[in-house]
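Input: a single structure, listed below in structure tokens.
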Amino acid sequence: MTIASNVKQCLATIRGIESQLSSLALNSLDEEAKAIFHESAMTIETVKKDLQFRVLELERQEPQYKGS
């Protein structure tokens, strides 16, 4: 598996985690837990954006990885 494939797989996993945290924040009845889930989702969003940028950089540097 190439580095680009690994980064893209990691990005997909991060998107799933972000979605789960957002869902937990919306469905939690405990206000403290809701705040923690929301804060965690925001942190994961930052990581996701960094990984998206890295994917674009990899695709720019190595065109053969584009779209794969």
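Position one of the sequence shown corresponds to residue 2 (our numbering), numbered consecutively onward.
Don't be surprised by glycine CBs; every beta carbon is placed ideally from N, CA and C.
Extent of the continuous alpha helix (DSSP H) to which residue i belongs
{"i": "aspartate 51", "result": "32-62"}
{"i": "threonine 14", "result": "4-28"}
Residue closest to residue i, alpha-carbon to alpha-carbon, out of the options
{"i": "serine 41", "options": "Ala5, Gln10 and Ile15", "result": "Ile15"}
{"i": "lysine 49", "options": "Asn28, Val8 and Glu33", "result": "Val8"}
CB contact flag (residue i, residue j, <9 Å)
{"i": "isoleucine 4", "j": "leucine 57", "result": "no"}
Own chain partners of residue i with C-beta closer than 7 Å, once the 5 adjacent residues on each side are dropped
{"i": "isoleucine 45", "result": "Ile15, Ile18, Glu19 and Leu22"}
{"i": "cysteine 11", "result": "Leu52"}
{"i": "serine 29", "result": "Lys35 and Phe38"}
Next on the checklist: Check whether the region 53-61 and the region 21-31 touch, using three or more Cβ-Cβ pairs below 8 Å as the test.
Outcome noted: Output reads no: the region 21-31 does not touch the region 53-61.
Item to check | Three or more C-beta pairs below 8 Å linking the region 56-63 and the region 33-46 | outcome: Taking 8 Å as the limit for Cβ pairs, the verdict is that the region 33-46 does not touch the region 56-63.
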